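Asks:
Protein chains: 2
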Amino acid sequence: MKQFTKHTVKNSLKRIFLYRACLTRLKLLGVEKVYSYTLSDETGVTSDQVRKDFSEFGITGNKRGGYDVDELIDKMEKIFHRNKDHNLVLIGMGNLGTSLSRLKEIIDRFRVKVAIIAVPEISAQEVTDELIQSGIKGIINFAPVLLKTPADVIVNNVNLCDELESVIYYVHNQMKSEGTKNLDLLYRGTKY
Amino acid sequence: MKQFTKHTVKNSLKRIFLYRACLTRLKLLGVEKVYSYTLSDETGVTSDQVRKDFSEFGITGNKRGGYDVDELIDKMEKIFHRNKDHNLVLIGMGNLGTSLSRLKEIIDRFRVKVAIIAVPEISAQEVTDELIQSGIKGIINFAPVLLKTPADVIVNNVNLCDELESVIYYVHNQMKSEGTKNLDLLYRGTKY
DNA sequence: TGTGTTTTGTGAATTGTTTCACATTATATC
DNA sequence: GATATAATGTGAAACAATTCACAAAACACA
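Line by line, the protein sequences give chains A and B.
Take 1 as the starting number for the first sequence in this note's numbering and just add one per residue.
Take 193 as the starting number for the second sequence in this note's numbering and just add one per residue.
(1) Using a cut-off of 8 Å between C-beta atoms, extract the partners of residue 234/B located in chain A.
(2) Could you name the residues that DSSP lists as bridge partners for residue 155/A?
(3) Show which residues of chain B have a CB atom less than 9 Å away from the CB atom of residue 21/A.
(4) Can you confirm whether the stretch 307-324 of chain B touches the stretch 124-136 of chain A when touching is taken to mean that 3 or more C-beta pairs between the two stretches lie within less than 8 Å?
(5) Between residue 229/B and the rest of its own chain, which residues show a CB-CB distance below 7 Å, the 5 nearest in sequence each way excluded?
(6) Contact criterion: CB-CB distance below 7 Å. Does residue 357/B meet it with respect to chain A?
(7) Quick check on the burial criterion: 16 or more other C-beta atoms within 10 angstroms. Buried or exposed for residue 85/A?
(8) Between residue 232/B and residue 242/B, is the Cβ-Cβ spacing less than 7 Å?
(9) Measure the beta-carbon distance from residue 91/A to residue 119/A and round it to whole angstroms, keeping in mind my assumption that it falls under 8 Å.
(10) If I measure Cβ to Cβ from residue 34/A and keep anything under 8 Å in the same chain, skipping five residues before and after, which residues do I get?
(11) Between which two residues does the alpha helix (DSSP H) containing residue 16/A stretch?
(12) Leaving out five residues before and five after residue 56/A in sequence, what residues of the same chain have Cβ atoms less than 6 Å from its Cβ?
(13) How about residue 170/A and residue 346/B: are their beta carbons less than 7 Å apart?
(14) Where do the ends of the beta strand (DSSP E) carrying residue 116/A lie?
(15) At a Cβ threshold of 7 Å, is residue 140/A touching chain B?
(16) For residue 80/A versus residue 357/B, is the C-beta spacing smaller than 7 Å?
(17) If you measure from the beta carbon of residue 11/A to each beta carbon in chain B, is any gap under 7 Å?
(18) Please check if any C-beta of chain A sits within less than 7 Å of the C-beta of residue 302/B.
(19) Please check the pair residue 333/B and residue 303/B, which I expect to be a contact at CB under 8 Å, by giving their CB distance rounded to whole angstroms.
(20) Expressed to the nearest angstrom, what Euclidean distance is found between the alpha-carbon atoms of residue 220/B and residue 157/A?
(21) For residue 89/A, report the span of its beta strand (DSSP E) as first-last.
(22) Judging by CA-CA distance, which residue of 246/B, 337/B, 355/B and 237/B is the nearest neighbour of residue 44/A?
(23) Whole angstroms are fine: how far does the CA of residue 163/A sit from the CA of residue 292/B?
(24) Quick one: give me the first and last residue of the alpha helix (DSSP H) that residue 38/A is part of.
(25) Tell me, which residues are paired with residue 85/A by DSSP?
(26) If the cut is a Cβ gap below 7 Å, which residues of chain A does residue 306/B touch?
(27) Return helix, strand or coil for residue 225/B, following the three-state DSSP convention.
(28) Between residue 21/A and the rest of its own chain, which residues show a CB-CB distance below 6 Å, the 5 nearest in sequence each way excluded?
(29) In or out: residue 252/B buried (at least 16 other Cβ within 10 Å) or exposed?
(30) Closer than 8 Å, Cβ to any Cβ of chain B: which residues of the stretch 47-77 of chain A, in chain order?
Printed below as a string of structure tokens:
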């Protein structure tokens, strides 16, 4: 069966988030300069991979001199557009019934493009439809359902039960086969 | 730089979670039988991929007859070990100071193997060390730091800021280049 | 019971990602 | 300045995941 195109994240982008978190911590400790292997030590990503990722996002350093922490953070912020403001709406159980009709008004006024959905499973699709009608282009979805959306709307699913079960799965399997055959099925959640 | 082995989830396992969620919903609606394309429609995963995943986990159906929903759910529960009880500890800000010393006692008594860490960044590593000392083998970490753990302990990181930023990144980039060259950098969070 | 149709299950081909290997360049030292 | 060294940056190779394509099996119906 042919499939409509899905937008999938490049792992490299996920790792850029990781590097940034790490760099802000290092900066706090007074570190001013890092090398690809510094980030490797801190994040568990190979130094090769660090450089490859930087290469992909056009981040360059100094041969022999490594990378300037401030500069690196700055470039990453630019990648994430952190230097711009972004309004977003959060739709939770509290305001579900009453204020759904005001949604479009608010979204229009504040030019909101991103929404967080934290409503019960049963209402999630309805809320989503409303949001898309109002021009929302990105959704973080805490409801444990697959939202139906047009191709130009991105949905980022967060399902805490899955996170938990995946860990239980791992722990159980490791106990059972202790490093032998099933290891390739093991789980680490977010893969960096 | 050579890297120690990391445990990474097979995407197929993540998708099994997705299928299960979908199947329980269908069951609620009275559906008794599904085909690979049913699950494809519901989840957005191709039907080829569905069958390939089932094949990997030893799940079989009936040629021409599809899959029995109950049987499928049952097999998946077995994969996740849902039919067994699993105790877990949740360490939040509230009980951080006072009860940390009782942790080992509790973990021992209830044979806990999985912990959820929801403490501030600054305490996360300390708590982790304590947990590992007490025999914890799986951790879900809400603190935005990379925890240092032995190779046989699994850590599943959940970072809500990252989830948010990835969506903002996507929305911004799509606005700018509307479906042209940067599309391969787009983000969909959890990749199914 | 035989024939046509639908669906599974899985090797092979393709596509995507990570690792390797090394040319290139910046810095330090004499 | 010349030389040695340590780091980056990136094609090529290796590895992993997905899609394709089709044989095999089950069902429907005459």
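Heads up, the beta-carbon is just placed ideally off N, CA and C, and yes, glycines get one too.
Computed from a prediction, not measured in an experiment: that's the story for all the values here.
Replies: According to the data block:
(1) Correct list: 146.
(2) In the DSSP output, where bridge partners are listed per residue, residue 155/A has 139/A.
(3) Listed along chain B, the residues sitting closer than 9 Å to residue 21/A by beta-carbon distance are 336, 337, 338, 351, 353 and 354.
(4) Because the criterion of three Cβ pairs below 8 Å is not met, the stretch 124-136 of chain A and the stretch 307-324 of chain B do not touch.
(5) The beta carbon of residue 229/B sits closer than 7 Å to those of 239, all from its chain and outside the five residues before and after it, given in chain order.
(6) Taking 7 Å as the CB threshold, residue 357/B lines the interface with chain A.
(7) Of the residues assessed, residue 85/A falls on the exposed side of the cut-off, its CB having fewer than 16 other CB atoms within 10 angstroms.
(8) Yes.
(9) Yes, residue 91/A and residue 119/A are in contact; Cβ-Cβ is about 6 Å, under 8 Å.
(10) Cβ within range, chain order: 23, 26, 66, 67, 69 and 72.
(11) Unbroken alpha helix (DSSP H) run through residue 16/A: 11-28.
(12) Here the set comprises 12.
(13) Cβ atoms of residue 170/A and residue 346/B: closer than 7 Å.
(14) Run containing residue 116/A: 114-118, per the beta strand (DSSP E) assignment.
(15) Taking Cβ atoms only, chain B reaches closer than 7 Å to residue 140/A, which makes this a yes.
(16) A Cβ-Cβ contact shorter than 7 Å links residue 80/A with residue 357/B.
(17) Residue 11/A is outside the set of residues whose beta carbon lies under 7 Å from a beta carbon in chain B.
(18) No, no contact with chain A.
(19) Going by Cβ atoms, the distance from residue 333/B to residue 303/B rounds to 21 Å, so no, they are not a contact pair.
(20) For residue 220/B and residue 157/A, the distance between alpha carbons rounds to 22 Å.
(21) From DSSP, the beta strand (DSSP E) with residue 89/A extends over 88-92.
(22) The candidate whose alpha carbon is nearest that of residue 44/A is 337/B.
(23) Cα to Cα, residue 292/B sits roughly 24 Å from residue 163/A.
(24) For residue 38/A, the enclosing alpha helix (DSSP H) stretches over residues 36-43.
(25) Beta-bridge pairing links residue 85/A to no other residue.
(26) What residue 306/B touches in chain A: 167, 168 and 171.
(27) Of the three classes helix, strand and coil, the one that applies to residue 225/B here is strand, per DSSP.
(28) Correct list: empty, nothing qualifies.
(29) Counting Cβ neighbours within 10 Å, residue 252/B comes out exposed, since fewer than 16 surround it.
(30) Listed by position along the chain: 47 and 48.
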